[in-house]
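Colleague:
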Amino acid sequence: MKIWTVSNQKGGVGKTTTVVTIGGILAAWGFRTLMMDMDPHGSLTSYFRLNPDEIKASAYNLFQDASAKKAPDPRRYVVETGFECLQLLPASPVLATLDRQAGTMEGMGLVIAGSLAAVADEFDYVLIDSPPMLGVLMVNALAACDRLIVPVLAEYLAFKGLERMLRTVDMIGRSRRKPIDYLVLPTMFDKRTKESQESLHMLQERCAEKLWHSVIPVDTRLRDASRAGVPPVLFIPTSKAVAAYSEFLEFLLHE
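All letters in the sequence shown, in the order written, are residues 10 to 264 by my numbering.
#1: Report the start-end ranges of each beta strand (DSSP E) in the region 127 to 205 that is 3 residues or longer and not cut off at the edges.
#2: So, under 8 angstroms CB-CB, residue 33 and residue 160 are touching, yes? Tell me the CB distance rounded to an integer number of Å.
#3: Can you have a look at residue 206 and say buried or exposed, based on whether 16 or more other CB atoms are within 10 angstroms of its CB?
#4: How big is the Cα-Cα spacing for residue 140 and residue 154?
#5: By the DSSP assignment, the beta strand (DSSP E) with residue 97 in it spans what residues?
#6: Roughly how many whole angstroms lie between the Cα atoms of residue 56 and residue 189?
#7: Rounded to the nearest angstrom, what separates residue 204 and residue 251 at their Cα positions?
#8: Of all the alpha helix (DSSP H) runs that stay within the bounds of the region 21 to 99, which reach a length of 4 or more residues?
#9: So what's residue 239 in DSSP terms, helix, strand or just coil?
#10: Could you pull out every residue in the same chain whose Cβ sits closer than 6 angstroms to the Cβ of residue 67, ignoring the five residues on either side in sequence?
#11: DSSP on residue 229, reduced to helix/strand/coil?
#12: Determine whether the beta carbon atoms of residue 180 and residue 225 lie at a separation below 8 angstroms.
#13: Evaluate residue 17 with the Cβ neighbour count: other Cβ atoms within 10 Å of its Cβ, from every protein chain shown; 16 or more gives buried, anything less gives exposed.
#14: For my contact list, residue 219 and residue 191 are in at a C-beta cut-off of 8 angstroms; report their separation, rounded to the angstrom.
#15: For residue 86, which residues from the same chain have a beta carbon less than 8 angstroms from its beta carbon, with the 5 sequence-adjacent residues on both sides left out?
#16: What residue from 182, 27 and 15 has the CA that sits closest to residue 231's CA?
#17: Determine the direct distance from the alpha carbon of residue 195 to that of residue 166, and round the result to whole angstroms.
#18: Got a sec, what are the start and stop residues for the beta strand (DSSP E) residue 11 sits in?
#19: Let's see if you can read the secondary structure: which residues bound the alpha helix (DSSP H) around residue 261?
#20: Near residue 237, which residues of its chain fall below 8 angstroms by C-beta distance, leaving aside the five closest residues on each side in sequence?
#21: Relative to the C-alpha of residue 202, which candidate in 76, 15, 134 and 164 has its C-alpha closest?
#22: What number of angstroms, rounded off, separates the C-alpha of residue 162 from the C-alpha of residue 233?
#23: Buried or exposed: which applies to residue 262, given that a residue is buried once 16 or more other Cβ atoms fall within 10 Å of its Cβ?
#24: Per DSSP, residue 220 forms a beta bridge with which residues?
#25: Please classify residue 101: does DSSP put it in a helix, a strand, or coil?
#26: Tell me whether residue 132 is buried or exposed, calling it buried when 16 or more other Cβ atoms sit within 10 Å of its Cβ.
In structure tokens form, the structure reads like this:
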């Protein structure tokens, strides 16, 4: 089982879209795929027409189990998405309380890594949608992953979020005594704008070795897939964004 975390310390960069699209493609290719929503806002959960405010069992329960000295078992909280080979561990707003509880719960940073070990034989890939805030949830998402995907908008303001994210990646890598393997993914690239072109050039200059060689283009049809609650590969399989994400996934699988 491979665990990929999608994270950036800036919102609105396409994290959830990346998780849903890559997860959908993996499932369409026959890989048993689990998506984990670690963001209290629950965008990934909402994508599949679940209301985070009404979720009875969520990723939060894994932390509760660990606090009660029970072996956290994701199987108790995973839900079906309605799409073959694609399952979801949803989020609920109560996840936002974990940082306040950190002082009373031991081993908080490794709960997700330990939990996923229990289902290592049941999934081929796990995709974690991490919140944009540095805290217990992001630490867990980074500590558990084999590969980190950092979506970055092709715009000037994106660089500050990327710099913060890479400092966090370095900190967590030193803490777990193993560097985090990461790849920067330019998203929502609009070849018609000068800002996108210049921002991509800056990315190529600053992090060439960790930057994917292509881009995910702006594609308004991704919104149509989101409104329908269907992974883009199944809703708009011929779209340019799905083609780009498929190319990116091929790169990850064969790198």
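Glycine included, C-beta positions come from ideal geometry on N, C-alpha and C.
Modeller: Straight from the coordinates:
#1: 134 to 138, 156 to 162 and 191 to 196
#2: At roughly 16 angstroms, the Cβ-Cβ gap does not stay under 8 angstroms, so residue 33 and residue 160 are not in contact.
#3: exposed
#4: 15 angstroms
#5: 95 to 98
#6: 28 angstroms
#7: 23 angstroms
#8: 24 to 37, 52 to 56 and 69 to 76
#9: coil
#10: 99, 100 and 101
#11: coil
#12: no
#13: buried
#14: 6 angstroms
#15: 66, 67, 68, 70, 71, 98 and 99
#16: 27
#17: 13 angstroms
#18: 11 to 15
#19: 249 to 263
#20: 244
#21: 164
#22: 20 angstroms
#23: exposed
#24: 193
#25: coil
#26: buried
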